[in-house]
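Report on the structure given below.
Number of protein chains: 4
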Amino acid sequence: MQQERRPLGRPRQDHKGKPTKNIILDVATRLFLEQGYQVVSMDDVAKKCGVTKATVYYYYKTKADLFTDAMVQMMIRIRKRIFDILSADKPLKERLLEFAKAHLQATVGIDIKGFMKEAKNSLSSEQLQQMKETEDKMYEVLEQALINAMEKGEIPKSHPQLGAHSFVALLTVGNYKDADQHPIFPSLDEMAKQIVDFYWNGLGN
Amino acid sequence: MQQERRPLGRPRQDHKGKPTKNIILDVATRLFLEQGYQVVSMDDVAKKCGVTKATVYYYYKTKADLFTDAMVQMMIRIRKRIFDILSADKPLKERLLEFAKAHLQATVGIDIKGFMKEAKNSLSSEQLQQMKETEDKMYEVLEQALINAMEKGEIPKSHPQLGAHSFVALLTVGNYKDADQHPIFPSLDEMAKQIVDFYWNGLGN
Amino acid sequence: MQQERRPLGRPRQDHKGKPTKNIILDVATRLFLEQGYQVVSMDDVAKKCGVTKATVYYYYKTKADLFTDAMVQMMIRIRKRIFDILSADKPLKERLLEFAKAHLQATVGIDIKGFMKEAKNSLSSEQLQQMKETEDKMYEVLEQALINAMEKGEIPKSHPQLGAHSFVALLTVGNYKDADQHPIFPSLDEMAKQIVDFYWNGLGN
Amino acid sequence: MQQERRPLGRPRQDHKGKPTKNIILDVATRLFLEQGYQVVSMDDVAKKCGVTKATVYYYYKTKADLFTDAMVQMMIRIRKRIFDILSADKPLKERLLEFAKAHLQATVGIDIKGFMKEAKNSLSSEQLQQMKETEDKMYEVLEQALINAMEKGEIPKSHPQLGAHSFVALLTVGNYKDADQHPIFPSLDEMAKQIVDFYWNGLGN
DNA sequence: AATGAATGAGAATTCATTCAT
DNA sequence: TATGAATGAATTCTCATTCAT
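Here the protein sequences line up with chains H, S, L and P, keeping their order.
Just so you know, we're using our numbering here: the first sequence kicks off at 2 and counts up by one.
Just so you know, we're using our numbering here: the second sequence kicks off at 2 and counts up by one.
Just so you know, we're using our numbering here: the third sequence kicks off at 2 and counts up by one.
Just so you know, we're using our numbering here: the fourth sequence kicks off at 2 and counts up by one.
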């Protein structure tokens, strides 16, 4: 009697029947974020997905396409997350604090600039444009929240775009570690609080 | 009277008799900053220097060595520049404004983080450590200026490391351009002024 | 009636439909034996196979891998050949003579020692170990034949490992050519006979 | 008052005022024997000598020249040593035993064959010829000793060239180590005795 | 939908060799 | 006598990409 063949060893991550294209995109996103555009090879992506390179190419015509899609989708997700946090019915400062905490937790900074510089020569101008636009939309969510707060008189009127970018820039400080791997503040919560306080002053409150 | 001998044809990029090693380091620094570690090949560096790859290897055993040296020397130069600006006998806010203007002009952000991530896998831990330490020393100059200002009562006492990193982080905002290539403020001076104002508030003044 | 499609131009070296991997292994074996590990480049192998370097790397991750596989497979083949010759139902001396003739004909000495020394620094210890083990197994076949002969009283009892290695060592004499390219004996058969006679005496017969 | 400048650190190996050319030859010989022709670079030689590559080239026009000279000088030295041992006024078997012991001790086998194969493509035919001739002369010393012994009736008359080469070939067995690094006989003396006994039988005694 | 095989274009690195000083 | 600087040619290895199946 024929036994069911059972594959030996640890079965490769199942990904729960997610469509292959999604698996590839997710894996690629993670790898690109962790290691950068140039360092990650299509083969790396393929292997981590348990498929072959050719399969990756079946879904994405070029590495640049895969990268662009990965970054854009990621920014869209982040934008949603920001939007949700900032939509809550709470004082702005509290919402900003939550935003800060959420982002300091994410391993990934929203350091699009860096990624763009690295990939600049490899991406088509359409792709760069597309990424830029998605990035802008991300900032717009924060800008809008600031505008609303200004209108409600919650904060003094000032340049909302500057405000949005400043906030995100300040968040990067939270990821800093010195040569001995010590961050500026020992706990994430403390870090978030300090940054938001600083920012809040900066806004002129 | 014997004229100065002048070589015929396009003079081999003269670099004014600078020693080859320096030329290589300078060219490499520029290329790495513009394009990133992975993208720049040793051949690129060599060609821009008007020498062969082998010559580059004569002076630098590996690409990682060249990169590390380039980054370290650059950070040392920046540190000197910062030090000079901050040593002037003027109110802190004015010195910060000058600092801001100087750095917004430089093509180069002090975006070491990005470079380190990209090169992480290629550099030895000693090299990473060396870069980290040089980076730290850069920030220390700014920290010290803040500490002095706090002691003189020029600004409220607060966390100087946070202050230093925040300032540099805010400067990156000045390089932002949106999808249509518009910066946040049209002129560099305006940008610098706004950032410093924001920062000054953030410090609690 | 439609003819079999026949490709135009010089047919790509056909090698009788042998799988590419085998072609590469065979060609590599020959080249390594003829010229040594260091001298043979992956490009040499590729060209002789009518494929590109990248194809060679598709099948063998490194040159050391290719070399190890080539040597191991070769030793396995030799071992089989020795085994077949020594398994015949004839007096030992006759079998040894056949063995000797067979091996003097082969361009290849079983000079693993030399190969290992040359490649020592390039191979991983696992690879060296693997080669060593395969070499040992080769000698074991000869050893076993000697042991059997001792048990049957065909030759005096003595140290079989010494006997095995001595025989192979003596065979190398057959490849010697002096400065004028003269071998020690003009004919291969004579050479084999003399070596085996010498050896036979050495065994104490 | 000006102090004598004294170099810092460990003074580079002094080589006792031996002329530079000799130092280079000695170092080169050792390196080539240990690692093979291809693997040893002119820079390796230079560094081990404490001079620059250019200095090595000052004394030896090419690597092939250096190699040839190194090998030839070495073979001449070995030949002298063999000659001395074999000239003693003792029974041949004792002299052979001494020879065997001496050569099993030397790290270096007289494995000229291997070296020649490796360097074949790099040496000029004159160089190959020169090495071949020196090698032949080495064997002639042993041959002559066998001829003398035959004439004195110490051993049966047989083919002295075969005898000479067989002896040297058998000596290589002494360097064999199996996969577990065990030699065939634990002690060098035992090994030498067994080989000479075997050989002595082989000669027909 | 997925893949195995193949490749062209580079990339980093090495090295024998030359030459002006 | 010795060297520092420079190079051309090779070498190992990588990778995005293609294509027939």
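Don't be surprised by glycine CBs; every beta carbon is placed ideally from N, CA and C.
All values reported here derive from a predicted model rather than from experimental measurement.
Of the residues the options, the one placed nearest residue i, counting alpha carbons only
i: residue 163 of chain H; options: H:137, H:73 and H:68; result: H:137
i: residue 183 of chain P; options: L:134, L:158, L:185 and L:147; result: L:134
i: residue 196 of chain H; options: H:127, H:112 and H:105; result: H:105
i: residue 189 of chain S; options: S:202, S:173, S:121 and S:112; result: S:173
i: residue 62 of chain P; options: P:181, P:22, P:186 and P:176; result: P:22
i: residue 125 of chain L; options: L:107, L:64, L:94 and L:103; result: L:64
i: residue 38 of chain S; options: H:120, H:57, H:187 and H:177; result: H:120
i: residue 140 of chain S; options: S:178, S:100, S:19 and S:152; result: S:100
i: residue 150 of chain L; options: L:91, L:30, L:18 and L:177; result: L:91
i: residue 20 of chain L; options: L:41, L:52, L:36 and L:40; result: L:52
i: residue 176 of chain L; options: L:102, L:41, L:122 and L:76; result: L:102
i: residue 127 of chain S; options: H:36, H:152 and H:181; result: H:181
i: residue 76 of chain P; options: P:30, P:118 and P:55; result: P:30
Own chain partners of residue i with C-beta closer than 8 Å, once the 5 adjacent residues on each side are dropped
i: residue 144 of chain L; result: 161, 162, 164 and 165
i: residue 78 of chain H; result: none
i: residue 32 of chain P; result: 41, 45, 46 and 49
i: residue 148 of chain H; result: 161
i: residue 36 of chain S; result: none
Own chain residues within Cβ distance below 6 Å of residue i, not counting five before or after
i: residue 204 of chain L; result: 156
i: residue 200 of chain S; result: 168 and 171
i: residue 146 of chain H; result: 87
i: residue 89 of chain S; result: 96
i: residue 4 of chain L; result: With a pLDDT of only 38 at residue 4 of chain L, under 50, the local geometry of the prediction cannot be trusted, and no value is derived from it.
i: residue 123 of chain P; result: 65
i: residue 55 of chain P; result: none
i: residue 158 of chain S; result: 151
i: residue 7 of chain H; result: Its pLDDT being 41, under 50, residue 7 of chain H is placed unreliably by the model, and the measurement read from it follows with that caveat. So no residue of the chain qualifies.
Whole-angstrom C-beta distance between residue j and residue i, which should lie under 8 Å
i: residue 26 of chain L; j: residue 74 of chain L; result: 6 Å
i: residue 131 of chain P; j: residue 69 of chain P; result: 6 Å
i: residue 194 of chain S; j: residue 67 of chain S; result: Actually they are not in contact, since the Cβ atoms of residue 194 of chain S and residue 67 of chain S sit about 38 Å apart, beyond 8 Å.
i: residue 43 of chain H; j: residue 57 of chain H; result: 5 Å
i: residue 115 of chain H; j: residue 179 of chain S; result: Not confirmed; about 17 Å, so no contact.
Beta bridge counterpart(s) of residue i as assigned by DSSP
i: residue 54 of chain H; result: Its beta-bridge partners do not exist; DSSP assigns none.
i: residue 184 of chain H; result: H:178
Own chain, CB closer than 7 Å to residue i, minus 5 neighbours either side, in chain order
i: residue 142 of chain L; result: 80, 83, 84 and 87
i: residue 28 of chain S; result: 46, 49 and 50
i: residue 94 of chain S; result: 197 and 201
i: residue 11 of chain S; result: Only weak support exists for where residue 11 of chain S lies, its pLDDT of 39 falling under 50; the value from the coordinates is given anyway. Answer for residue 11 of chain S: no residue qualifies.
i: residue 186 of chain P; result: 192 and 195
i: residue 107 of chain P; result: none
Segments assigned alpha helix (DSSP H), at least 4 residues, entirely inside the segment 97-122 of chain L:
Counting whole runs of 4 or more residues, the segment 97-122 of chain L contains the alpha helix (DSSP H) stretches 113-120.
Pick out the complete alpha helix (DSSP H) segments inside the segment 58-93 of chain S, 4 residues or longer, and give them in chain order.
Here the runs fully enclosed are 64-88.
Would you mind listing the alpha helix (DSSP H) stretches within the segment 22-52 of chain S that are 4+ residues and don't spill past its ends, in chain order?
Entirely contained in the segment 22-52 of chain S, the alpha helix (DSSP H) runs reaching 4 residues are, in chain order, 43-50.
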